[in-house]
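A short worksheet on the structure shown next.
Residue numbers (UniProt numbering): 1 to 374.
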């Protein structure tokens, strides 16, 4: 409801001009019929504006022209067509954009107001550069933290293997020598020696296992393939879960961060099989598909108790380790997928053989969805 004496069009224009988002209003065929002050200011600052600031141009046609060079433009064009046809109500997407101040990020939102007397579509571009920079800095710090954790694991594993394990080995050897020299002692003393020897051997085995789980030397010495094979065999022996192994030697990455990331995913996923799945059988596969190296861990258990996309439940059921691995893979240009159902759970990690940075793309292949594309 509008107060008496207030013109609806004047109120609408003043409201749009007061918004910080860059807004354009389209007609039913995608032609820009109005833009707000933020749109005009950005267009002028970017040097792409004519005297009409894009009014009269067809936004859908601009996106379709850019679609062969930009997947973001193609997605927006498709969404616009669906919104015009009434198939969907809105569309959201984040995308990078060039500006005189340097690289920036925007979120585009496309909506069609239901209450409008005529069919109109509203395009809103909101600057989220600071949010993205904060996210990138957080990701960088998280990656640094995981790297430091890996280094600390490596140092602790080396200390356990080189010092603690050697001391326990000396204890077992000394206990064994004592047994040989005290054959005629009374039974209680002999039993104490036997128990001491057994405890020392058990502790030695546990320390060696812990050392290898923290950071297996095989990962550094002979690579991911041997480390995964050792992990699967050791897990089967400790848990009683049979693990079938299928490893393509040609898929083994040469990059140490990639190898470490994939090993940690396998380690956490197998641990999940033991904790939550209830499956007595699992499969571990490492192979290459197109330009990616892929690791799959599949079990035949009862599945997770909540959908894998429910972040809180996923963290609770699978463990914080998987969430950390998801971030680690994303930083390396890969992704982690978790699919779960009554017939079992599949954890899949994929990483590109060669990662391509967005800064390596030719300028004419950058997305042009904003006013600088008009």
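All C-beta atoms in this analysis are idealised placements derived from N, C-alpha and C, irrespective of residue type, glycine included.
- A check of alpha carbon separations from residue 21 across 120, 51, 129 identifies 129 as the nearest.
- Ranked by Cα distance from residue 327, the first of 146, 289, 213 is 146.
- The three-state reading of DSSP puts residue 280 in coil, since its state is none of H, G, I, E or B.
- Residue 30 is positioned such that its CB atom lies closer than 8 Å to that of residue 60.
- Residue 288 is positioned such that its CB atom lies closer than 8 Å to that of residue 250.
- Residue state for residue 127 is assigned as strand, using DSSP reduced to three classes.
- Beyond the five residues adjoining it in sequence on each side, residue 107 comes within less than 6 Å, by CB distance, of 94, 126, 128 in the same chain, given in chain order.
- Looking at the DSSP output, residue 352 shares a beta bridge with 292.
- DSSP places residue 258 in the helix class (H, G or I) of the three-state scheme.
- DSSP places residue 338 within a strand segment (E or B) once states are collapsed to three.
- The beta carbons of residue 261 and residue 284 sit about 15 Å from each other, so the pair does not count as a contact at 8 Å.
- For residue 214, the uninterrupted alpha helix (DSSP H) segment begins and ends at 187-214.
- Contact annotation: the segment 214-226 does not touch the segment 172-179, with fewer than three C-beta pairs closer than 8 Å.
- Just so you know, the alpha carbons of residue 57 and residue 277 end up roughly 57 Å apart.
- Taking residue 131 as the centre and dropping the five residues before and after it, the same chain places the C-beta of 105 closer than 8 Å to its C-beta, in chain order.
- With contacts defined by Cβ atoms closer than 8 Å, residue 292 and residue 352 form a contacting pair.
- With 16 or more other CB atoms across the displayed protein chains lying within 10 angstroms of its CB, residue 344 is buried.
- For residue 245, the enclosing beta strand (DSSP E) covers residues 242-247.
- Excluding its 5 nearest sequence neighbours in each direction, residue 264 has C-beta neighbours in its own chain below 6 Å: 325, listed in chain order.
- Put simply, of 210, 23, 299, 141 the residue whose alpha carbon is nearest the alpha carbon of residue 36 is 23.
- CA-to-CA, the gap between residue 230 and residue 215 works out to about 12 Å.
- Of all alpha-carbon atoms in 270, 255, 241, 155, the one lying nearest the alpha-carbon of residue 217 is that of 155.
- DSSP places residue 68 outside any alpha helix (DSSP H), giving it a letter other than H or E.
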